[in-house]
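Taking the numbering used here, the leading residue of the sequence shown gets 845, the next gets one more, and so forth.
For each residue, glycine too, the CB sits at the ideal point set by N, CA and C.
None of these values were measured; they are calculated from a predicted model.
Read through the structure below, which is laid out as structure tokens, and then see the notes.
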Amino acid sequence: MRSGRNLKGGEKGRRKKTLRGNWEKWRNTSTDQLCEAILCLETMEECYAFLEDIATIAEIKALAQRFEVAKLLAEGYTYAKVAEKTGASSATISRVKRALEYGAGGYSLVIDRLKKKSGEETKEETSSGSSDI
845 MRSGRNLKGG EKGRRKKTLR GNWEKWRNTS TDQLCEAILC LETMEECYAF LEDIATIAEI
905 KALAQRFEVA KLLAEGYTYA KVAEKTGASS ATISRVKRAL EYGAGGYSLV IDRLKKKSGE
965 ETKEETSSGS SDI
């Protein structure tokens with residue numbers, strides 16, 4: 845059962861980012877179902893519950909660390925500063941950097957969307973606070 849979302853395209857009305865994944869090598873029914881499961885989560889609490897059930901705390905922390913490394917590298921931080929801020933090894937930082945530059949495009953896609961979402965939330969908070977004139 846598919847929800848109609850596809851791994852290579854965006855949603856209707858959104859500018860599509862070109863993803864250059866190599867997931868056909870590891871994609872199968874089980875990985876499709878995992879992606880569908882992630883896509884159906886609606887709240888932060890649901891996400892935490894799912895992560896806790898599907899992965900160990902160490903695995904979750906490793907994924908979170910990689911994502912933090914990606915955000916810092918995307919902001920232009922040096923390897924040394926990234927290592928200092930995250931505790932990540934140079935091997936992890938190098939792997940994430942390689943994924944940012946030559947990977948499937950997933951890190952950049954998510955980082956850009958989160959920046960946009962954060963900007964929209966800031967605008968909404970600002971505009972809702974100034975409507976009592």
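Rounding to the nearest angstrom, what Cα-Cα distance links A935 and L863 in this structure?
The alpha-carbon atoms of A935 and L863 are separated by roughly 24 Å.
Pull up the distance between the alpha-carbon of K967 and that of K961, whole angstroms please.
One C-alpha to the other measures close to 10 Å.
If I'm right that I937 touches A927 with Cβ under 8 Å, what's the distance once you round it to whole angstroms?
About 6 Å separates the two Cβ atoms, so the contact holds.
Are three or more beta carbon pairs between the stretch 910-924 and the stretch 939-947 nearer than 8 Å?
Yes: at least three Cβ pairs fall under 8 Å.
Cβ pair C891, L883 closer than 7 Å:
No. Outside cutoff.
If you draw a straight line from the C-alpha of I904 to the C-alpha of S933, how long is it?
So the two alpha carbons sit approximately 17 Å from each other.
What do you reckon, are the CB atoms on I955 and A908 nearer than 7 Å?
For I955 and A908, no; Cβs fall outside 7 Å.
Which term fits Y946, buried or exposed, when burial requires 16 or more other beta carbons within 10 angstroms of its beta carbon?
Exposed, since its Cβ has fewer than 16 Cβ neighbours within 10 Å.
Roughly how many angstroms lie between the CA atoms of T785 and G920, to the nearest whole one?
Only positions 845 to 977 of the chain appear in this structure, which leaves residue 785 out of reach.
Check for me: the alpha helix (DSSP H) holding Y889 runs from which residue to which?
Checking the displayed sequence, the identity of residue 889 turns out to be Glu instead of Tyr. Its alpha helix (DSSP H) spans residues M888 to I898.
Starting from S874, trace the alpha helix (DSSP H) in both directions and tell me its first and last residue.
Where S874 is concerned, the enclosing alpha helix (DSSP H) starts and stops at T873 to L883.
What is the DSSP secondary structure of S933, counted as helix, strand or coil?
Coil at S933, not helix or strand.
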